[in-house]
RNA sequence: GGGGGCGUAGUUCAGCCUGGUUAGAACGCCUGCCUGUCGAGCAGGAGGUCGCGAGUUCGAAUCUCGUCGCUCCCGCCA
């Protein structure tokens, strides 16, 4: 029943046919999207990458009729025929090629298809489980919606390469089989056959290599770098992802910001056909935490956190007073018009706050008669007026408050803010608010191990004014560290790097790496610093996340052709899988059961 | 590592709380009819290890325990 392609050559893409093509002889190839059989008259929607065209079988030819009888969804056809205008009233305005159709003169069935497990349509996105979509990824990718996403990805990658090349960046590849470094994320590890008992690691990022390229004098480097991290996954985290890895010599933070801003403007202009504002907002980490309770605030809406500690201390509410007296803070957010919230809605928000370790979520409503409900009885008269003034309360507002350690108060209320943004639909598709967050602490205290860890990585430069505190007060040292945030999603992280051995050794000492260990593990880097390493810095925007945010998507899995599940598996190819004893033996490995 | 949700026909789901006929619906699929459909229409039909295992019970899709898979969140992710 199947035909060979023979000498047939495709003349047009399905969706490209227009009225101008009337009476042209064309040869289309594609998949049967849908079949409408009227007995003597059969319509097929033929689909290729470009889209859909209607072909009509209105033939006496017994050979064609016999073939058509067997044609089903997703059969692969080659169709020779003549374009003709559709009769009046039969045109389809929904379809780009809807003014015309192709009357079939010859037909070849290039391949048959089983009935697909789900229809090759856009509704699949919301209606078919990810499990099935993953297992039949090649069918999921056949859907127009997914093809558009892959094309979007291609367009953006191309725009990035064009722009960075024109700015003098060189794309240079770095190894995938590298040395394992214990700190940071867990490494994916590859056993060595030639050096038994030794392992390569897959890169979490090309960090050290790009720094070495700066030492080597390449000045501006970029790479579409695959990065692998063996950590637990999320909707916006895959075991392997792609970063637009960049590094520059002789630059300040501001210059790196400017390059990334220009890059994004170029992307917006060339791929999305939009203009993006000149330079992005910039907040310090401390200010972001203080005002939004997160280091990646969504700037599309307000609902800022306000510090109410002094006022709360003056109230008659002992729960608040004691928190403030013991060094904690009280923070509040005003939710305009939310006085209509039910008790249940408020309890849901409280549960969320408790999820982030808050002990409770205090609330008051603003009515014509003043503050009411919740904890309002503790805020009679002066404290109540002070709060109304500090929060700029208006009738109909809801005030939500958390009293706790500064960290918990900010983070828990920040989570409430973020939930409210979604719940009250304060964001609009197509609205992009980019934001730089910088001056992160260089170190954070690790309670479990009772030691300081690098917040970003070991190679970030301290802010110059804090360098003297490296040994005396590491917690107070800020780093020349920065994140790029858009709409509440962290899109990039970067830093100015350390380029001097003395400073690098001091930073390593803070996290407990002495000179001997530093030499053993990072000797190649320190050695490179001895040969005239230039000041340098860089940044690495996550490509998959960037695509998701720009496209208004909800999972980076939709922007990766072959992603993995949250457990790091691929139901399609069945990875990871055991390897046979022969392979294990060659590698000198033995599997120990439980 | 911890917590939540889901798992029933090819697909998406209902049924489960309160155990008891032959486990339903929609779409899809198959057969027939049909010359202007575009989610074609009409008539008929097939299709189920109720994720898997154990337990309770006269009787389990339904209750209990375990387990596997997908997913969301916390931890983790420099």
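In our numbering, the protein residues as written are 25 to 618. Glycine residues also receive a C-beta, built at the ideal position from the N, C-alpha and C atoms.
Buried versus exposed, by CB contacts within 10 Å (16 or more), residue i
i, result
"residue 618", "Reliability fails at residue 618, whose pLDDT of 47 lies under 50, so the model's placement of it is uncertain and the value that follows must be treated cautiously. So residue 618 counts as exposed."
"residue 406", "exposed"
"residue 301", "exposed"
"residue 548", "exposed"
"residue 227", "buried"
"residue 544", "exposed"
"residue 507", "buried"
"residue 141", "exposed"
"residue 403", "buried"
"residue 379", "exposed"
"residue 255", "exposed"
Boundaries (first-last residue) of the alpha helix (DSSP H) holding residue i
i, result
"residue 77", "That residue, residue 77, is in no alpha helix (DSSP H); its beta strand (DSSP E) goes 75 to 81."
"residue 10", "In the structure displayed, the chain extends from 25 to 618; residue 10 sits before or after that span and is not available."
"residue 24", "Any answer about residue 24 is impossible in this case: the structure gives the chain only from 25 up to 618."
"residue 280", "277 to 291"
"residue 611", "605 to 611"
Residue i (DSSP reduced to helix, strand or coil)
i, result
"residue 618", "Here residue 618 scores only 47 on pLDDT, less than 50, and its place in the model should not be relied on; the value that follows carries that caveat. If DSSP states are grouped into helix, strand and coil, residue 618 belongs with coil."
"residue 120", "coil"
"residue 397", "coil"
"residue 131", "strand"
"residue 342", "helix"
"residue 190", "helix"
"residue 207", "coil"
"residue 499", "helix"
"residue 307", "strand"
"residue 357", "strand"
"residue 532", "helix"
"residue 261", "strand"
"residue 316", "helix"
"residue 157", "helix"
"residue 347", "helix"
"residue 266", "strand"
"residue 233", "helix"
"residue 537", "coil"
"residue 475", "strand"
"residue 196", "coil"
"residue 328", "coil"
"residue 295", "helix"
"residue 174", "helix"
"residue 180", "helix"
"residue 126", "strand"
"residue 202", "strand"
"residue 486", "strand"
"residue 271", "strand"
The beta strand (DSSP E) enclosing residue i, as first and last residue numbers
i, result
"residue 389", "386 to 391"
"residue 508", "505 to 510"
"residue 31", "Run containing residue 31: none; DSSP gives neither H nor E here."
"residue 514", "513 to 520"
"residue 223", "223 to 225"
"residue 104", "100 to 109"
"residue 247", "244 to 252"
"residue 214", "213 to 215"
Go through the region 416 to 468 residue by residue and report every complete run of the beta strand (DSSP E) that reaches 3 residues or more, in order. 422 to 428, 458 to 462
Does the region 314 to 333 come close enough to the region 511 to 523 that 3 or more CB-CB pairs lie under 8 Å? As far as the Cβ criterion goes, the region 511 to 523 touches the region 314 to 333, which means the pair count is three or higher.
Assess contact between the region 227 to 245 and the region 543 to 562, defined as three or more Cβ pairs (one per stretch) separated by less than 8 Å. Is contact present? yes
Complete beta strand (DSSP E) runs within the region 551 to 603 (minimum length 3 residues, chain order): 560 to 565
Minimum length 3: unbroken beta strand (DSSP E) runs contained in the region 35 to 95: 49 to 61, 66 to 72, 75 to 81
Do the region 212 to 224 and the region 518 to 537 touch if we need at least three Cβ pairs shorter than 8 Å? At 8 Å Cβ cutoff, the stretches do not touch.
Count the C-beta pairs between the region 157 to 176 and the region 195 to 214 that are closer than 8 Å, then say yes if the count reaches three, no if not. As far as the Cβ criterion goes, the region 157 to 176 does not touch the region 195 to 214, which means the pair count is below three.
Given 8 Å, three or more beta-carbon pairs between the region 460 to 471 and the region 392 to 404: no
Mind the definition here: the region 345 to 358 touches the region 410 to 421 only if three or more C-beta pairs lie below 8 Å; say whether that holds. yes
Whether or not the region 153 to 160 and the region 589 to 606 are in contact is what I'm after, with contact meaning three or more pairs of Cβ atoms, one per stretch, closer than 8 Å; do they touch? With the cut-off at 8 Å, the region 589 to 606 and the region 153 to 160 touch.
Does the region 83 to 91 come close enough to the region 105 to 123 that 3 or more CB-CB pairs lie under 8 Å? no
Examine the Cβ distances between the region 438 to 447 and the region 280 to 290 and report whether three or more of them are shorter than 8 Å. no
Can you find at least 3 beta carbon pairs, one from the region 272 to 280 and one from the region 242 to 251, that sit closer than 8 Å? yes
Counting pairs of beta carbons, one from the region 85 to 105 and one from the region 56 to 76, are three or more of them closer than 8 Å? Using a Cβ-Cβ distance cut-off of 8 Å, the region 85 to 105 and the region 56 to 76 are in contact, since at least three pairs of beta carbons, one from each stretch, lie closer than that value.
Counting pairs of Cβ atoms below 8 Å between the region 577 to 594 and the region 251 to 270, do you hit three or more? yes
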